[in-house]
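2 protein chains.
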Amino acid sequence: MKPPTPSKGNIYLIGFMGSGKTRVGTALARRLGLPFLDTDAEAERISGRSVARLFREGGKAGFRRLEQRVIAAAAAGPIRVVAVGGGAVTRAANLRAMRRSGTVVRLRAPFSVIRRRIGKGAGRPLWDASGVLFRRREPLYRKAAHVAVDASGTPEAAARIIACRLGLERRSPAPSAPGELMVRTGSHSYPVLVGSGVLDAVPARLGRLTSARRAVLVSDARLAGGPGRRLAAAFRRSGWKLSAAFLPGAEGAKSLSAIARLYGFLLRSRTERTTPLVALGGGTVGDAAGFAAATYYRGIPLVHVPTTLLAQTDSAIGGKTGVNHPLAKNAVGAFHQPVLVAADTDLLASLPDREFQSGLAEVVKTALALDRDFAEGLLERWGSLQSRSGAELAWAVSRCVRLKAAAVAEDERDLSGRRELLNLGHTVGHALEAAAGFGRFRHGEAVAWGLRAAFRLSAERGWLADPGDRALASALLGRLRTPAWPARLSWSHLNRHLALDKKVRDGRSVMILLRRAGKAVRVPGVALGDIRRVVARLSTEARP
Amino acid sequence: MKPPTPSKGNIYLIGFMGSGKTRVGTALARRLGLPFLDTDAEAERISGRSVARLFREGGKAGFRRLEQRVIAAAAAGPIRVVAVGGGAVTRAANLRAMRRSGTVVRLRAPFSVIRRRIGKGAGRPLWDASGVLFRRREPLYRKAAHVAVDASGTPEAAARIIACRLGLERRSPAPSAPGELMVRTGSHSYPVLVGSGVLDAVPARLGRLTSARRAVLVSDARLAGGPGRRLAAAFRRSGWKLSAAFLPGAEGAKSLSAIARLYGFLLRSRTERTTPLVALGGGTVGDAAGFAAATYYRGIPLVHVPTTLLAQTDSAIGGKTGVNHPLAKNAVGAFHQPVLVAADTDLLASLPDREFQSGLAEVVKTALALDRDFAEGLLERWGSLQSRSGAELAWAVSRCVRLKAAAVAEDERDLSGRRELLNLGHTVGHALEAAAGFGRFRHGEAVAWGLRAAFRLSAERGWLADPGDRALASALLGRLRTPAWPARLSWSHLNRHLALDKKVRDGRSVMILLRRAGKAVRVPGVALGDIRRVVARLSTEARP
Chain C
288 MKPPTPSKGN IYLIGFMGSG KTRVGTALAR RLGLPFLDTD AEAERISGRS VARLFREGGK
348 AGFRRLEQRV IAAAAAGPIR VVAVGGGAVT RAANLRAMRR SGTVVRLRAP FSVIRRRIGK
408 GAGRPLWDAS GVLFRRREPL YRKAAHVAVD ASGTPEAAAR IIACRLGLER RSPAPSAPGE
468 LMVRTGSHSY PVLVGSGVLD AVPARLGRLT SARRAVLVSD ARLAGGPGRR LAAAFRRSGW
528 KLSAAFLPGA EGAKSLSAIA RLYGFLLRSR TERTTPLVAL GGGTVGDAAG FAAATYYRGI
588 PLVHVPTTLL AQTDSAIGGK TGVNHPLAKN AVGAFHQPVL VAADTDLLAS LPDREFQSGL
648 AEVVKTALAL DRDFAEGLLE RWGSLQSRSG AELAWAVSRC VRLKAAAVAE DERDLSGRRE
708 LLNLGHTVGH ALEAAAGFGR FRHGEAVAWG LRAAFRLSAE RGWLADPGDR ALASALLGRL
768 RTPAWPARLS WSHLNRHLAL DKKVRDGRSV MILLRRAGKA VRVPGVALGD IRRVVARLST
828 EARP
Chain V
288 MKPPTPSKGN IYLIGFMGSG KTRVGTALAR RLGLPFLDTD AEAERISGRS VARLFREGGK
348 AGFRRLEQRV IAAAAAGPIR VVAVGGGAVT RAANLRAMRR SGTVVRLRAP FSVIRRRIGK
408 GAGRPLWDAS GVLFRRREPL YRKAAHVAVD ASGTPEAAAR IIACRLGLER RSPAPSAPGE
468 LMVRTGSHSY PVLVGSGVLD AVPARLGRLT SARRAVLVSD ARLAGGPGRR LAAAFRRSGW
528 KLSAAFLPGA EGAKSLSAIA RLYGFLLRSR TERTTPLVAL GGGTVGDAAG FAAATYYRGI
588 PLVHVPTTLL AQTDSAIGGK TGVNHPLAKN AVGAFHQPVL VAADTDLLAS LPDREFQSGL
648 AEVVKTALAL DRDFAEGLLE RWGSLQSRSG AELAWAVSRC VRLKAAAVAE DERDLSGRRE
708 LLNLGHTVGH ALEAAAGFGR FRHGEAVAWG LRAAFRLSAE RGWLADPGDR ALASALLGRL
768 RTPAWPARLS WSHLNRHLAL DKKVRDGRSV MILLRRAGKA VRVPGVALGD IRRVVARLST
828 EARP
């Protein structure tokens, strides 16, 4: 057997129909954090016809022509796992295209296994139960492949064997081990590294996702010394070239003028379409640098290295990027999913206390909105979280990432309401943040007050009826540290900012409230009068 | 039977497994120009597991819970055709969600037909060949549906019946008749109306794609009187509210500052995430307004109404949007597919001659790059095209749209080289346009010179060997009207602009050349010396 080619480029899975190319490919792509392409499915998508119909209408030759175009496109595109139609090996051009642009892996299974898997062959125009075609094809697969792998077991087993054979899983922890989570959306899937020291693993992990060896690091100047220097050193150790750009501090980064200057830097440093942009910083840097990555030459690869608790648990996941317009916050933006996120919990140790407490408000929000068990865990571990124990932080960040990833998978573009549940606390929170004057409250602090308002409004409806639920939510909200409600903030002032919210109409607001602990619901018509009463009570009490 | 609900909202297809929900749904979505969702496929995508595995691992109840979330999300999302898993009707919450948010259509087929279609039931965990489950389910489907349709024939036939029954195809020409083409990409599909008078059909067609009844019209001021007034009147006749914004003329529109002002207009006029932005104009307006639509609140629906030959045949199709940066043209942009394109060939009658001739260069480019038959047709009909006959223009625009749509379907993000073939003539064309000073040459005029250079370079390699091919290409290029090559343009000046192209390295350039008429290829290493020689000859001759 030929020695396995070290895996650069695509991984092509070839083999007879029923050898499991699609299932093994899906499992392998998930394992390696790579996108997946099935040439049959792609041919169906391009033509708008099923494979069976393509054969019926255009004949075998017509289908093979289309398939050849699909394979040529895959060979020229970004690195992927590609499941290749069973008959593609009959064309020499396909073999050349595949062998040049990646590693060709043959899936082997005995004909008896294949016959069982295929059944009657519905939708398989070439299925031949006699085994003649199988025997004719096998030498072609053997000749085409760099590596052969037994695929008569489960898809996961075959995927594991392939990853090892190609030298992609040399070290433990393996990519699918704890510490690496996956976010899956309709358009992309990407790994999220969580834990102590994952910063240093960024260049190697990124190197498996791209063939680029030049990157642009964008951060704010305050980070240049510590994590910036460490990340830059890790890139250089791995043989990368790195340019570094800085955004203005605080919300100054999130302006069209800062982005225009960043475009200028990217152009002058000859940043190409394939050059990854690595955004190191809190939510502000992530949003602004992410927007630049989304729109520089119609999108370049983006890596988020979030440095705050808020960014690690929330804003770095899900592909929202954007900047402010003088007339409205976050009015300008784009969806642009990152290719990699690395949430290094070591970075949280040096966060200013107020920043850290503000981030905890969003953690509590996520738990109360979506996961009672997580909320209980938070309460139990509150002390160790406050002391910023690495293990506890990694636990909390992972839980948040998983919950956010599930919401994003269901609702990438924030259309169907699933992501909207994570806006718990944000109706009153946003209005308070704006009415008090931006900068007076940190975002998480305003959200904490918003959570308290949502809690009261939920309880008034008779929700959170279970005493345990109510005690759990109340205890968590009581633990959040916030500045006092501004003494001079009038209802009319707050109301003006509530009314700017597009969710308010005819004296009623759409709000996310809590049916139970861990179960947020969208409520279309909360009366502004009710909000006013609850806010008045909150503002005169020390704690909820 | 209950009367069919007039179709607002989703169209849900229900019925027993094997009744053809996925196939009919795909055909219906294509016919109506709507997106398609299959709840089983969506559940697989979200969970990363096959339906069979979901049943194995989470049981029927686990699967039904996931399915219910998928249906609730579909009910809250944009208007689509939704193929609903066969067992979803067993949950009352699903029935409520579907009936409230659209029309529920039952696909009926005799059990004998279903048994034949299903075969052995591979991947169908609930398949029951005895028919017991079928008989138990049928009353549920009957009760759930607003409309029932026979689905024992072809998917296309069932789709046609549904479209008629729901009153979506009252008038001829039917949506799939000539005059409406479809662009299909991985993320979206959208109709392109081509022909005389389609401008007036925009509001009605758009009304079938969205529930919004407010739109923003963006054009340049020169268009306000003629097509702008006509389009606005059509919208108002159909009961839409319309605001109108104007971009600066010429390339002034394609600047970040013009876009920042447009964002301000959108905010002040309270444009919402669901409000369509209608871009009326040539390529410049389309690119700039398209970029604003791509980035205003992370993307709002975009309608292109291109008014130039160039925009109708090329730039309005394919989702590229963008503006210039002071350091580089088109450096800032995003992919944002429109929801609808309307290419009204009547608008071409009043184009200035130079603009029209410039557009013809891109038409010739498309034909020479991708379709010999089209190139021959162009030559035959050149005279009637020059007299701007409506029928001939509609023919040429449709051919271009079809070819561009196929390239976009294969290569939405311009990654795999298929879209790149449409850059034929652009290497020298771009350099000439920049070196001569922007504004001196129209884009198409510079591309015409670039096509001539590509033609010569191809012939020098012994390509275009067929005398008919060479005569065809030469005749078409000879018919393109261009200003003379600038007398004082030195090679070193042109070379400087060639070298700015990222495709140039080590004295060689990536170029698109012609292997045959209608068959462009990407050539990685064309020596700059060869380009210099060809350009020198071209610049001293009157015609190629």
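Same order as they appear, the protein sequences are chains C and V. Numbering-wise (this note's numbering), the first sequence opens with residue 288 and increments by one. Numbering-wise (this note's numbering), the second sequence opens with residue 288 and increments by one. Yeah, the Cβ is synthetic: ideal placement off N, Cα and C, and Gly gets one too.
So if DSSP puts residue i in a beta bridge, which residue, or which two residues, is it bridged to?
i                 : result
ASN297 of chain V : V:GLY389
ALA654 of chain V : Paired residue(s): none; ALA654 of chain V is not in a bridge.
ASP507 of chain V : V:LEU534
LYS806 of chain C : C:ARG803
ASP631 of chain C : C:GLY482
ASP325 of chain C : C:ALA370
Closest Cβ-Cβ distance between residue i and chain V: below 8 Å?
i                 : result
GLY704 of chain C : yes
THR595 of chain C : no
ARG743 of chain C : no
ILE333 of chain C : yes
ALA786 of chain C : no
PRO462 of chain C : Caution is warranted here: a pLDDT of 35 is assigned to PRO462 of chain C, below 50, making its placement in the model unreliable, and no coordinate value can be reported.
ALA615 of chain C : yes
Using beta carbons (cut-off 8 Å, strictly below), is residue i in contact with chain C?
i                 : result
LYS407 of chain V : yes
ALA581 of chain V : yes
LYS607 of chain V : yes
GLU697 of chain V : yes
GLY586 of chain V : yes
PHE522 of chain V : no
VAL822 of chain V : no
ARG356 of chain V : yes
LEU543 of chain V : yes
ALA547 of chain V : yes
LEU554 of chain V : yes
With the cut-off set at 8 Å, would you say residue i and residue j are in Cβ contact?
i                 : j                 : result
ALA804 of chain C : LEU655 of chain C : yes
ALA532 of chain C : VAL503 of chain C : yes
ARG404 of chain C : ALA435 of chain C : no
ILE301 of chain C : VAL376 of chain C : yes
GLY320 of chain V : SER439 of chain V : no
ALA521 of chain C : ASP487 of chain C : yes
ILE358 of chain C : VAL371 of chain C : yes
ALA547 of chain C : GLY539 of chain C : no
LEU690 of chain C : ASP660 of chain C : no
LEU647 of chain V : LEU767 of chain V : yes
THR594 of chain V : GLY568 of chain V : yes
GLY867 of chain V : GLY296 of chain V : Within the shown structure, residues of chain V are numbered from 288 to 831, placing residue 867 of chain V beyond reach of any answer.
LEU468 of chain V : ALA629 of chain V : no
Strictly below 7 Å CB to CB, what residues from chain V border residue i?
i                 : result
PRO365 of chain C : LEU702
ARG263 of chain C : Nothing about residue 263 of chain C can be reported from this structure: the residues present for chain C run from 288 to 831 only.
Just to make sure I have the definition right: I need the residues of chain C whose C-beta is within less than 7 Å of the C-beta of residue i. Which are they?
i                 : result
TYR550 of chain V : HIS612, ALA618, VAL619
Kindly list, in the order they appear in chain C, the residues whose Cβ is closer than 9 Å to that of residue i.
i                 : result
ARG318 of chain V : What ARG318 of chain V touches in chain C: nothing, since even the nearest Cβ is about 11 Å away.
ALA360 of chain V : GLU697, ASP698, LEU702, SER703, GLY704, ARG705
By the criterion of Cβ-Cβ separation under 8 Å, what are the contact partners of residue i in chain V?
i                 : result
ARG471 of chain C : ARG332, ILE333, GLY335
Since I believe residue j is in contact with residue i (beta carbons under 8 Å), could you give me their beta-carbon distance rounded to a whole number of angstroms?
i                 : j                 : result
LEU680 of chain C : THR632 of chain C : 4 Å
LEU267 of chain V : ALA566 of chain V : Lying before the first or after the last residue shown, residue 267 of chain V is absent from chain V, which here runs from 288 to 831.
LEU781 of chain V : ALA722 of chain V : 5 Å
LEU738 of chain V : TRP772 of chain V : About 13 Å separates the two Cβ atoms, so there is no contact after all.
So which residues on chain C does residue i lean against when the C-beta distance must stay under 8 Å?
i                 : result
PHE622 of chain V : ARG585, GLY586
Can you pull the chain V residues whose beta carbon is under 9 Å from the beta carbon of residue i, in chain order?
i                 : result
LEU480 of chain C : Chain V residues near LEU480 of chain C: none, gap ~19 Å exceeds 9 Å.
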